[in-house]
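From first to last, the protein sequence lines are chains Y and A. Mapped onto the numbering used here, the consecutive letters of the first sequence carry residue numbers 190 to 524. Mapped onto the numbering used here, the consecutive letters of the second sequence carry residue numbers 128 to 458. Glycine included, C-beta positions come from ideal geometry on N, C-alpha and C. Here's the structure we're looking at; comments come further down.
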Amino acid sequence: MVQTKRIIAAEKEFSLMKFFLQWEWLLVLLFILVNIMNIIISPYYLSATGLLTATSSFLEKAFIALPMVFVLVIGEIDISVGSTVALSSVIMAEAYNKLGIPMGLAIVICLLVGTLCGFINGFILTRFQELFPMIVTLGTMILYRGIAVMILEDQASKNFPAWFSNIFWGKIGSVPYILIVFIIFAVVFGIVLHKTTFGRKLYAIGSNRIASKYAGIRVQKIRLIVYTLAGLFAAITAIFLTSRMGSTRPNIGEGYELEAISMVVLGGVSTSGGKGRFIGAVISIFIIGFLRYGLGLINTSASAMLIIIGTLLIVAVMFPNLKLDSLFRKKSKNM
Amino acid sequence: MEKLKMIAKTLTKSREVSLIFVLIILCGAIQIKNNQFLSAANINDLLVNATIMCVLAAGMMGVLLIGGIDISIGSTVALSGMVTALIMRDYPQTPVLVSWLIAIGVGLLCGLLNGLIIAKGGVIPIIATLGLMNIFRGATYLVANSQWVHKEQITLAFQDFTLNSYLGINNMIIVAVICFLLLAVFLKYTRTGRKIYAVGSNSEAAQISGISIDRIKILVYTLMGALAGLAGALWVSKYASAQGDSAKGIEMDIIAACVIGGVSLNGGKGTVLGVVLGCLTLGILNNALPLINVSSFWQDAIKGLIIIIALILNTMTQRSLDKNNLKRREL
Chain Y
190 MVQTKRIIAA EKEFSLMKFF LQWEWLLVLL FILVNIMNII ISPYYLSATG LLTATSSFLE
250 KAFIALPMVF VLVIGEIDIS VGSTVALSSV IMAEAYNKLG IPMGLAIVIC LLVGTLCGFI
310 NGFILTRFQE LFPMIVTLGT MILYRGIAVM ILEDQASKNF PAWFSNIFWG KIGSVPYILI
370 VFIIFAVVFG IVLHKTTFGR KLYAIGSNRI ASKYAGIRVQ KIRLIVYTLA GLFAAITAIF
430 LTSRMGSTRP NIGEGYELEA ISMVVLGGVS TSGGKGRFIG AVISIFIIGF LRYGLGLINT
490 SASAMLIIIG TLLIVAVMFP NLKLDSLFRK KSKNM
Chain A
128 MEKLKMIAKT LTKSREVSLI FVLIILCGAI QIKNNQFLSA ANINDLLVNA TIMCVLAAGM
188 MGVLLIGGID ISIGSTVALS GMVTALIMRD YPQTPVLVSW LIAIGVGLLC GLLNGLIIAK
248 GGVIPIIATL GLMNIFRGAT YLVANSQWVH KEQITLAFQD FTLNSYLGIN NMIIVAVICF
308 LLLAVFLKYT RTGRKIYAVG SNSEAAQISG ISIDRIKILV YTLMGALAGL AGALWVSKYA
368 SAQGDSAKGI EMDIIAACVI GGVSLNGGKG TVLGVVLGCL TLGILNNALP LINVSSFWQD
428 AIKGLIIIIA LILNTMTQRS LDKNNLKRRE L
């Protein structure tokens with residue numbers, strides 16, 4: 190009895206400490222550090238325009254990261270999204286340039302192609318549940334980019350109408366459209382994940398798939414939805430990215446999948462599923478984005494950038510693991 | 128009819144046999160399209176081009192067997208190749224053997240780092256190797272100062288290794304065969320090899336029965352790294368250049384080869400023969416598509432499609448197999 194009481198007391202104490210030891214606080218700290226670094230680097234950074242420029246410099250990638258949170262929460266992975274970006278962008282460009290379809294319709298086609306790509310992933314994975322998401326999306330990753338290469342070969346597709354570049358570069362007042370769109374989607378995704386039954390089901394599937402199936406959750410249907418969403422948002426990234434660059438090539442968006450996964454994992458969402466909060470992922474999107482922007486300002490080479498971000502990812506994920514592990518081990522020995 | 132069914136059953140019983148069948152049909156079809164395909168010269172070509180993949184797949188198999196994954200190997204190949212090439216550029220007097228050992232050593236250290244972070248740091252393999260993939264790639268550019276090492280800067284003795292042959296067989300093929308033979312013996316007949324399977328199929332049971340899982344993990348990733356280092360040296364020797372972005376994305380091909388060969392990403396399942404066949408499948412695809420006049424722009428799409436079809440076929444045969452087994456048990 191005494192022992193159990195002690196344990197309960199210990200847990201209570203722990204929970205108070207835990208509030209400040211939460212992953213999100215660490216992320217906030219990291220975020221502030223990155224910003225202090227940027228302020229030291231550039232005197233122009235801490236102004237409304239400076240901050241807004243910094244923000245829109247990486248946001249197009251962040252759209253992939255939003256549904257990636259869902260994918261990781263259900264304990265799966267989708268590495269085909271970078272290729273989906275390329276394929277939907279290339280098809281949109283060619284629909285406009287070769288087939289003469291009006292740009293507005295081409296954008297709709299782009300969204301449809303992305304959704305279809307995601308749906309195919311989900312369809313294969315739900316029909317053949319023995320297959321691993323990693324390997325199926327690996328196959329479609331090669332396939333989708335392969336089709337993009339088939340269509341455009343080694344050419345680039347450009348000459349979009351003038352208003353198209355406004356999608357990325359346009360602003361309301363001094364706030365870029367992309368930031369507004371991102372905030373809307375981030376809020377919607379956050380609410381869906383944390384405040385709806387759909388979100389709870391995602392966590393349930395991530396922590397115990399068999400139990401959630403027996404609890405009446407239609408696991409396969411939800412998986413299909415999640416993968417389709419991932420495809421759709423890859424297409425949204427494709428629109429912003431193409432608008433930003435004013436042209437497209439089959440090799441755009443290469444490596445975006447891994448960047449998106451890095452962002453989400455740094456945000457505390459575990460790749461083994463069932464863990465993590467949306468706010469963490471959003472904070473870490475901004476951490477990585479601002480870090481890149483700041484390092485870019487002082488002309489850090491791409492290679493050093495790779496090393497810094499890789500190290501940040503590993504250290505961030507390893508740091509709590511190391512501590513918690515040793516804590517738990519001691520605890521269990523005491524008992 | 129009954130007999131045919133029996134034969135079909137025994138044939139589909141093992142994944143390797145059915146894969147061999149698919150390969151034979153594939154080769155036959157390509158041969159009909161282009162009769163140069165099965166000529167000695169082309170077969171030699173095919174095998175030589177597949178060797179780097181084979182060496183890497185041998186390492187990847189160990190990693191997949193314990194249920195891990197390593198996507199940093201492309202960067203490890205580039206880094207170890209680059210370090211060797213730089214040393215050769217700056218100190219052309221370095222003995223050939225030493226340069227090979229340097230490459231393997233660099234790869235080994237990369238793998239060891241992977242293993243330590245995964246085993247001791249408790250980081251999930253895909254995240255750890257994703258981070259290290261970036262780090263090693265960045266390091267490759269950094270040590271080379273973003274420059275290439277050209278053909279003239281690499282010693283001839285080093286380049287010769289992959290050009291020469293022993294008993295009429297190209298050295299690279301011999302290296303790959305030795306790797307696979309050693310791996311097969313190691314996995315089948317040594318205690319550590321069996322431990323790898325044990326950790327992969329049930330790590331909790333393995334731990335309870337006294338196997339140090341951490342040690343096995345570190346061993347497997349270190350082995351993978353060393354083989355990636357070897358592949359890096361082969362790469363520099365074969366292509367006679369070292370670039371910052373060489374072997375980018377090769378890890379995906381390797382994983383695909385292993386999975387086509389029947390290695391489960393869950394761990395604990397897979398044979399060396401299967402991996403060899405998986406490598407051959409991808410090797411044949413890479414070699415044959417240009418031969419049957421497929422535009423090089425179409426190759427990736429076809430490769431991706433075939434990987435997906437192979438996966439789906441695999442599952443379907445596995446399902447019918449399981450169903451048969453179940454029926455037999457009921458009887």
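With contacts defined by Cβ atoms closer than 8 Å, A:L183 and A:L354 form a contacting pair.
With respect to chain A, the C-beta atom of Y:G335 has a partner C-beta closer than 8 Å. Closer than 8 Å at the C-beta level to chain A, one finds these residues of the stretch 315-332 of chain Y: F317, E319, L320, F321, M323, I324, V325, L327, G328, T329, M330, I331 and L332.
Neighbours of Y:S461 in chain A, taken as residues at a C-beta separation under 8 Å, are given in chain order as I251. In the DSSP assignment, A:I296 forms a beta bridge with A:Y293. Contact check for Y:D267 against Y:Y366 fails: the beta carbons are separated by 8 Å or more. Less than 8 Å divides the Cβ of A:I281 from the Cβ of A:A212. Each residue's CA atom was taken as its position, placing A:G359 and A:A177 some 14 Å apart. Inclusion of A:T408 and A:L239 in the CB contact set at 8 Å is not warranted, their separation being larger than that value.
A residue is called buried once 16 or more other Cβ atoms fall within 10 Å of its Cβ, and A:Q370 is buried on that count. In its chain, beyond the 5 residues on either side, D197, S199, A255, T256, L259, Y348 and G352 have a beta carbon closer than 7 Å to the beta carbon of A:N241.
Rounded to the nearest angstrom, the gap between the Cα atoms of Y:I230 and Y:K250 is 24 Å. Its Cα nearest to that of Y:P291, the residue Y:P350 stands out among Y:P350, Y:S272, Y:F252 and Y:F220.
For the C-beta of Y:E342, the chain A residues within less than 7 Å are, from N- to C-terminus, F424.
Straight-line spacing of the CA atoms in A:K430 and Y:E319 works out to 21 Å. Chain-ordered, the chain Y residues with CB closer than 8 Å to the CB of A:Y268 read S490, A491, S492 and L495. In this structure, A:A230 sits near A:G208, with a CB-CB distance shorter than 8 Å. When Y:M330, Y:I324, Y:Y403 and Y:P256 are compared, the shortest CA-CA separation from Y:S277 is found for Y:M330. When Cβ-Cβ separations below 8 Å define contact, Y:M226 makes no contact with chain A. Chain-ordered, the chain Y residues with CB closer than 7 Å to the CB of A:T442 read F317, E319 and L320.
Scanning Y:S346, Y:A400 and Y:E265 for the CA closest to the CA of Y:T315 turns up Y:E265. Separation of A:I147 and A:V421 (C-alpha to C-alpha, rounded to the nearest whole angstrom) is 24 Å.
Bridge pairing for Y:V364: Y:I361 [DSSP]. For Y:A404, no alpha helix (DSSP H) segment is defined, and its DSSP state is neither H nor E. Listed in chain order, the non-local C-beta contacts of Y:F378 below 8 Å within the same chain comprise L255, P256, V258, F259 and F467, local neighbours out to five positions each way being set aside. Straight across, the Cα-Cα distance linking Y:Q211 with Y:I221 is about 16 Å.
A contact is defined here as three or more CB-CB pairs under 8 Å, and the stretch 281-290 of chain A meets this definition with respect to the stretch 362-369 of chain A. The three-state secondary structure of A:V270, taken from DSSP, is helix. Contact between the stretch 372-389 of chain Y and the stretch 451-470 of chain Y is present: three or more C-beta pairs spanning the two stretches fall below 8 Å. Counting every other CB atom within 10 Å of its CB across the protein chains shown gives Y:E446 a total of 16 or more, marking it as buried.
In terms of CA proximity to Y:I503, Y:G456 leads the group Y:I372, Y:G456 and Y:S354.
Y:T437 and Y:N348 have their C-alpha atoms some 10 Å from each other. Neighbours of Y:L447 across chain A, judged by C-beta separation under 9 Å: I198, L257, M260 and N261. A:V276 is bridged by DSSP to A:A369. For the C-beta of A:L354, not a single chain Y residue is nearer than 8 Å; the gap to the nearest is close to 21 Å. Not a single C-beta of chain Y is nearer than 8 Å to the C-beta of A:A374.
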